[in-house]
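Enquirer: If you count the sequence shown from 1, you need to add 1 to reach UniProt numbering.
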Amino acid sequence: TYRILIDCDPGIDDACALSCALTDPEISLELITTVAGNVAVDKTTKNALRLVEFFNKDVPVAAGARKPLLKQLEDASEVHGESGIDGYDFGEPSIKPFSDDAVSILKDKLLHSNVPLTIIATGSFTNLGLLLSLYPEVKPKIKEFILMGGSLAQGNMTSVAEFNVFTDPHAARIVFSSGIKTTMIGLDCTLSGRISDETKDKIKLLGKAGNMLASIIERDIDHDETGTAIHDLQTIFYLLHPERFTDKKFWVDVVCEGPAIGATVADIRKAYHDKTNVNVCLDVDTDAFNKWFLEEVEKNMQ
Ligand code: BDR
Ligand code: CA
Numbered sequence: 002t003y004r005i006l007i008d009c010d011p012g013i014d015d016a017c018a019l020s021c022a023l024t025d026p027e028i029s030l031e032l033i034t035t036v037a038g039n040v041a042v043d044k045t046t047k048n049a050l051r052l053v054e055f056f057n058k059d060v061p062v063a064a065g066a067r068k069p070l071l072k073q074l075e076d077a078s079e080v081h082g083e084s085g086i087d088g089y090d091f092g093e094p095s096i097k098p099f100s101d102d103a104v105s106i107l108k109d110k111l112l113h114s115n116v117p118l119t120i121i122a123t124g125s126f127t128n129l130g131l132l133l134s135l136y137p138e139v140k141p142k143i144k145e146f147i148l149m150g151g152s153l154a155q156g157n158m159t160s161v162a163e164f165n166v167f168t169d170p171h172a173a174r175i176v177f178s179s180g181i182k183t184t185m186i187g188l189d190c191t192l193s194g195r196i197s198d199e200t201k202d203k204i205k206l207l208g209k210a211g212n213m214l215a216s217i218i219e220r221d222i223d224h225d226e227t228g229t230a231i232h233d234l235q236t237i238f239y240l241l242h243p244e245r246f247t248d249k250k251f252w253v254d255v256v257c258e259g260p261a262i263g264a265t266v267a268d269i270r271k272a273y274h275d276k277t278n279v280n281v282c283l284d285v286d287t288d289a290f291n292k293w294f295l296e297e298v299e300k301n302m303q
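1. Taking the DSSP output, what are the residues bridged to K249?
2. Let me make sure I understand the geometry here. Which of W252, L148, D248 has the alpha-carbon closest to that of A18?
3. Taking 6 Å as the cut-off, does the CB of residue 391 come closer than this to any heavy atom belonging to ligand 2?
4. Out of F251, V256, C282, state which residue places its alpha-carbon closest to the alpha-carbon of A272.
5. So, L188 versus K110, is the Cβ gap smaller than 7 Å?
6. In chain order, what residues of the same chain have a beta carbon less than 7 Å from the beta carbon of N301, not counting five sequence neighbours either side?
7. From this set, R174, A63, S114, which residue's C-alpha is nearest G263's C-alpha?
8. For E145, write down the residues that DSSP places opposite it in a beta bridge.
9. If I follow the unbroken beta strand (DSSP E) through S20, where does it start and stop?
10. Can you list, in chain order, the residues of its chain with a C-beta nearer than 8 Å to that of K72? Leave out the 5 residues immediately preceding and following it.
11. Quick one: give me the first and last residue of the alpha helix (DSSP H) that R220 is part of.
12. Pairs of beta-carbons, one from the segment 91-101 and one from the segment 48-58, closer than 8 Å: are there three or more?
13. Quick check: is any heavy atom of ligand 2 less than 6 Å from the C-beta of D233?
14. Can you give me the C-alpha to C-alpha distance between L206 and I196, rounded to a whole angstrom?
15. If contact is defined by three or more beta carbon pairs under 8 Å, each pair taking one atom from either stretch, is the segment 122-132 in contact with the segment 64-82?
16. Hey, out of V139, V161, T184, T159, whose CA is closest to A122's CA?
17. May I ask you to list the residues that DSSP assigns as paired with T183?
18. Hey, quick one: how far does the beta strand (DSSP E) through A63 stretch, first residue to last?
19. Tell me whether G259 is buried or exposed, calling it buried when 16 or more other Cβ atoms sit within 10 Å of its Cβ.
20. Please report the residue range of the beta strand (DSSP E) in which V139 lies.
21. With a 10 Å radius around its C-beta and 16 neighbouring C-beta atoms as the bar for buried, classify R270 as buried or exposed.
22. So, with DSSP's three-state summary, where would you put I196?
23. Examine ligand 2 and report whether any of its heavy atoms sits within less than 6 Å of the Cβ of T123.
24. Measure from the alpha carbon of T119 to the alpha carbon of each residue in A267, N39, V279, I181, then state which is nearest.
25. Going by C-alpha distance, which of V80, E79, D102, V285 is nearest V36?
26. Got a sec, what are the start and stop residues for the alpha helix (DSSP H) T46 sits in?
27. DSSP on S29, reduced to helix/strand/coil?
28. Checking 7 Å against the spacing of the C-beta atoms, do F246 and V176 come in under that value?
29. Tell me whether the beta-carbon of V285 lies closer than 7 Å to the beta-carbon of G194.
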């Protein structure tokens with residue numbers, strides 16, 4: 002069993018990742034924390050609660066940071082819609098957040114765990130930056146970070162910066178330099194490894210959950226002729242099937258000012274460091290990703 006905590010900003014692609022994490026029998030999802038990102042934190046929290054309720058699970062949701070550490074809040078509601086997961090009518094959730102202090106809850110959860118836990122993060126890294134700064138004693142209890150964010154080749158906010166890193170580069174730098182085992186799944190994988198329209202159409206026929214997922218995916222505008230980039234979903238695929246990724250360790254730093262702010266720069270030539278801090282995913286087996294997602298919906302969500 003994979004014991005994990007997810008920090009997220011649902012978000013259409015976060016919602017897809019959460020759906021798999023909530024229902025896969027090999028995953029024990031012990032806490033969901035939310036952060037402002039795709040939309041404001043009250044909305045990302047509500048969306049996390051909607052998914053927990055949709056799948057009828059008993060996973061606590063704690064609301065986190067309302068804005069990035071230093072930068073102003075910039076959302077992505079033009080991509081994900083007003084609610085953050087437009088495209089499906091969930092209605093109002095009847096369950097409530099467990100707490101509005103995600104960082105303390107993360108600290109408690111980690112310190113009380115008898116084994117180190119994996120943290121998957123699919124939003125801006127503000128909560129994690131705060132956690133590591135306020136409570137560095139949690140470090141030995143974090144097995145690894147699996148992050149959706151960053152890019153070596155090209156950005157989606159500026160020519161060089163990806164959204165989750167761009168929105169809070171200072172927090173991303175704290176996480177990257179923490180010394181904790183970190184895997185970065187950035188746009189290098191997520192823009193090429195898309196969920197095809199064919200997979201989405203098959204999923205649509207798979208009951209209530211399939212219909213919900215296909216409906217929100219159809220609303221996503223990160224779409225081209227090869228399919229939809231469901232970035233955050235690849236974190237769960239990586240957790241379960243790291244062998245389907247091509248990865249390499251580099252020293253990666255985050256640019257925190259100037260025109261390249263939010264860029265994740267890998268020291269490919271080892272010009273600055275002999276050591277490495279981040280395992281960077283460079284490529285993913287797209288067919289295997291599509292097959293896996295279809296099976297997750299087919300087997301675990303009916
Ligand atoms: C990332 O930005 C967000 O809009 C998505 O949810 C994903 O986490 C992709 O750059
Ligand atoms: Ca996200």
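From the three backbone atoms N, C-alpha and C, an ideal C-beta is built for every residue, glycine too.
Expert: For this structure:
1. On the sequence shown, position 248 is the one that residue 249 refers to. For K249, which the question treats as bridged, DSSP gives the partners V281.
2. On the sequence shown, position 17 is the one that residue 18 refers to. Per the Cα distances, L148.
3. Given that the chain is displayed from residue 2 to residue 303, the structure contains no residue 391 and the question cannot be resolved.
4. On the sequence shown, residue 272 is found 271 positions in, with the first residue counted as 1. Nearest C-alpha to A272: F251.
5. Here residue 188 corresponds to residue number 187 of the sequence shown, with the count starting at 1. Here residue 110 corresponds to residue number 109 of the sequence shown, with the count starting at 1. Contact: no.
6. The sequence position of residue 301 within the sequence shown is 300, counting from 1. Correct list, in chain order: T24, D25, P26.
7. On the sequence shown, residue 263 is found 262 positions in, with the first residue counted as 1. Closest option to G263, Cα to Cα, is R174.
8. Locating residue 145 in the sequence shown gives position 144, counting from the first residue. Its beta-bridge partners are T119.
9. Position 19 of the sequence shown, counting from 1, holds the residue named residue 20. Segment 13-24 is the alpha helix (DSSP H) holding S20; no beta strand (DSSP E) there.
10. Taking the sequence shown and counting its residues from 1, the one referred to as residue 72 is at position 71. Taken in chain order, the residues that qualify are T168, D169, P170, H171.
11. By one-based count along the sequence shown, residue 220 stands at place 219. 208-220 is the span of the alpha helix (DSSP H), which, as asked, contains R220.
12. Taking a cut-off of 8 Å for Cβ pairs, the segment 91-101 and the segment 48-58 touch, as three or more such pairs fall below it.
13. Stepping through the sequence shown from its first residue, residue 233 is reached at position 232. Yes, since a heavy atom of ligand 2 falls inside the 6 Å radius drawn around the Cβ of D233.
14. Within the sequence shown, the letter at position 205 stands for residue 206. Within the sequence shown, the letter at position 195 stands for residue 196. When rounded, the distance between both Cα atoms is 16 Å.
15. yes
16. Numbered from 1 along the sequence shown, position 121 holds the residue referred to as residue 122. Ranked by how close their Cα comes to the Cα of A122, the residues V139, V161, T184, T159 have T184 in first place.
17. In the sequence shown, counting from the first residue as 1, residue 183 sits at position 182. Beta-bridge pairing links T183 to F146.
18. For the purposes of this step, residue 63 is taken as residue 62 along the sequence shown, with counting starting at 1. Start and end: 62-64.
19. As a first step, residue 259 is located in the sequence shown; it is residue number 258 there, counting from the start. Under this definition G259 is an exposed residue.
20. The count along the sequence shown starts at 1 and reaches residue 139 at position 138. From DSSP, V139 is part of no beta strand (DSSP E); its letter is neither H nor E.
21. Translated into the one-based positions of the sequence shown, residue 270 becomes position 269. By the 10 Å Cβ count, R270 comes out exposed.
22. By one-based count along the sequence shown, residue 196 stands at place 195. I196 falls in the strand class under three-state DSSP.
23. Counting from one through the sequence shown, the residue named residue 123 turns up at place 122. Within the cutoff, so yes.
24. Translated into positions along the sequence shown, residue 119 becomes position 118. Check the Cα spacing between T119 and each of A267, N39, V279, I181: the tightest is with I181.
25. Taking the sequence shown and counting its residues from 1, the one referred to as residue 36 is at position 35. Ranking the options by Cα distance to V36, first place goes to D102.
26. In the sequence shown, residue 46 corresponds to position 45, counting from 1. First-last of the alpha helix (DSSP H) with T46: 42-55.
27. Taking the sequence shown and counting its residues from 1, the one referred to as residue 29 is at position 28. In this structure, DSSP gives S29 an extended state, which the three-state scheme calls strand.
28. Along the sequence shown, read from residue 1 onward, the residue named residue 246 stands at position 245. Along the sequence shown, read from residue 1 onward, the residue named residue 176 stands at position 175. Contact flag unset, no.
29. The residue you call residue 285 lines up with position 284 of the sequence shown. The residue you call residue 194 lines up with position 193 of the sequence shown. The answer is yes: Cβ separation under 7 Å.
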